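Novice: Take a look at this one; I'll ask things after.
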Amino acid sequence: ALGAANLARLMGVAEATEVDLGRLAERADAERDRIMAILTEACARLDPDRKPAELIPELLRDHPDIEGVLQEARQQTAEAIAFSRERQLAPYLDGECLVGPAPESRSWAMAMMCWSAPEEPDGPSWYYVTPPDPSWPAEEIEEWLSVFSRTTLPAITVHEVAPGHFAHGRALRRAATPVRRILHSMTFCEGWAHYVEEVCLEEGFRAGDPRFAVGFCVEALIRVTRLACAIGLHTGAMDVAEATQRFMRDAFLARKGAASEAQRGTFDPTYGRYTWGKLAILDLREQAKARWGAGFSLQRFHRAMLDLGSPPIGLLGTALERG
């Protein structure tokens, strides 16, 4: 364990901010409860007689086969880009986003975005979606395909493509200075992509299908549990066994997956950055609403943030001053 002081310093120095771990742990618990309420409501729309823990495994078993994964990802990519353009959720959605399997060197990644870097000549971005190898044991194939379920893949596509990482990459190419184009905060980068999943939910993406809300919540609960467990593991508030139990209880993971997530927290202490970044953006959004009043819009707010590139979250307030 790093200890509380070292963890706070590790998290805060790169993000130009002071980190109150106790307060952040409280925020993580509150966020878990908020997401759980959204999940419970969405599951009730699908089946009022079953609890989420009963319904989610069934939903994850509804997925395309190996040959169908890329086809569904391509369809969802076009859908997410069209929705983001219609609602003006990102300032730039030009360029080409191709969908295909990751090269062998990155085949460990189930889904990821790879864009041409801001200082490189422009070219197509790739949304890498990697189906399982047909030679794998049937149990491993099923576990891998469950990630691409018709409940979770739409939220993953929004995160990776639009208004998530692909849209962010297009904005980075327009950032005003080399510092803004090149120096990236991963907390903001992943926080943005996670935040816009919820923005799409708020704005009515697939409004007639509660599975999108369920998929968003399933991913969000894993991420918020990472934040809670990273703090717990490195401050001594919990051990790996307790973190495993928390992933099983709060994120609906089976024991093997929960143990893997808990163990990751011991050597990747900043893996709670998705939720931390999202919470920072949500806080800033409330400040923007209060400061801009009737002049607030998502379009204005998102442009003001992305004009900064991928800023340390401690400097996000600049968006309010310049937006």
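Our numbering applies: residue -14 is where the sequence shown begins, and numbers increase by one. From the three backbone atoms N, C-alpha and C, an ideal C-beta is built for every residue, glycine too. This structure is a prediction, so every number in the text was calculated from the model and none was measured.
#1: Please give me, in chain order, every unbroken run of the beta strand (DSSP E) with length at least 3 that falls completely inside the segment 94 to 172.
#2: If you follow the beta strand (DSSP E) that V84 is part of, which residue opens it and which one closes it?
#3: Measure how close the beta-carbons of T303 and L291 come, nearest whole angstrom, since I'm counting them as under 8 Å.
#4: Spatial neighbours of Q248 within its chain, please: CB distance less than 7 Å, with the 5 preceding and 5 following residues excluded, ordered by chain position.
#5: Could you name each continuous alpha helix (DSSP H) segment of 4 residues or more that falls completely within the segment 208 to 287, going from the start of the chain to the end?
#6: Quick check on R191: does DSSP put it in helix, strand or coil?
#7: What does the alpha-carbon distance come out to for the pair F237 and S295?
#8: Helix or strand or just coil, what does DSSP make of D79?
#9: Could you give the distance in angstroms between the alpha-carbon of P103 and the alpha-carbon of V199?
#10: Could you work out which residue in V143, S92, T137 is closest to L45 when comparing CA atoms only?
#11: Hey, T260 and E16: beta-carbon distance below 8 Å or not?
#12: Could you pull out every residue in the same chain whose Cβ sits closer than 6 Å to the Cβ of F68, ignoring the five residues on either side in sequence?
#13: Can you tell me whether Q312 is helix, strand or coil according to DSSP?
#14: Does the distance from the CB of E182 to the CB of F201 come in under 8 Å?
#15: With a threshold of 6 Å on Cβ separation, who are the neighbours of P195 within its own chain once the five nearest residues in sequence on each side are excluded?
#16: For E246, which residues of its own chain have a beta-carbon under 6 Å away from its beta-carbon, when the five flanking residues on both sides are left out?
#17: Compare the C-alpha of H287 against each of E57, P254, S131, G176 and name the closest.
#18: Across the segment 207 to 223 and the segment 1 to 12, are there enough close Cβ pairs to call them in contact, namely three or more that are closer than 8 Å?
#19: Classify D107 as buried or exposed, calling it buried when 16 or more other Cβ atoms lie within 10 Å of its own Cβ.
#20: So is Q60 buried or exposed if we call it buried at 16+ other beta carbons inside 10 Å?
#21: Would you mind stating whether G262 and H179 have Cβ atoms separated by less than 8 Å?
#22: Can at least three beta-carbon pairs, one atom from the segment 81 to 90 and one from the segment 157 to 172, be found at a separation below 8 Å?
#23: Reducing DSSP to helix, strand and coil, say where D32 ends up.
#24: Rounded C-beta distance between T220 and L(-8)? I'm assuming under 8 Å.
#25: Is the segment 70 to 85 in contact with the segment 36 to 53, if contact means three or more CB pairs nearer than 8 Å?
#26: Which class does R12 belong to by DSSP, given the choice of helix, strand or coil?
#27: Report the rounded CA-to-CA distance for E3 versus M223, giving the unit in angstroms.
#28: What is the rounded straight-line gap between the Cα of H144 and the Cα of L(-13)?
#29: Taking 8 Å as the threshold, find out whether the segment 49 to 60 comes into contact with the segment 123 to 136 through three or more Cβ pairs.
#30: Within its chain, find whatever has a CB closer than 7 Å to the CB of D118; leave out the 5 residues flanking it on each side and keep chain order.
#31: Grab me the residues of L130's own chain with a C-beta within less than 8 Å of its C-beta, minus the 5 sequence neighbours each way, in chain order.
Specialist: On the basis of the coordinates in this document:
#1: 96 to 99, 110 to 114
#2: 82 to 85
#3: About 12 Å; that fails the 8 Å criterion.
#4: V225
#5: Counting whole runs of 4 or more residues, the segment 208 to 287 contains the alpha helix (DSSP H) stretches 225 to 236, 240 to 252, 258 to 277.
#6: Here DSSP, grouped into helix, strand and coil, assigns R191 to coil.
#7: 32 Å
#8: Coil.
#9: 34 Å
#10: T137
#11: A contact, by the Cβ cut-off of 8 Å.
#12: F190
#13: With the chain covering only -14 through 308, there is no way to say anything about residue 312.
#14: In terms of Cβ geometry, E182 and F201 form a close pair [threshold 8 Å].
#15: A27, R30, L31
#16: Taken in chain order, the residues that qualify are F232.
#17: When each option's Cα is compared against that of H287, the closest is G176.
#18: A contact exists between the segment 207 to 223 and the segment 1 to 12.
#19: exposed
#20: exposed
#21: yes
#22: no
#23: coil
#24: 7 Å
#25: no
#26: helix
#27: 23 Å
#28: Whole-angstrom Cα-Cα distance: 30 Å.
#29: yes
#30: none
#31: Cβ neighbours of L130 within its own chain (closer than 8 Å, five residues either side excluded): H48, P49, D50, I51, V54, P116, P117.
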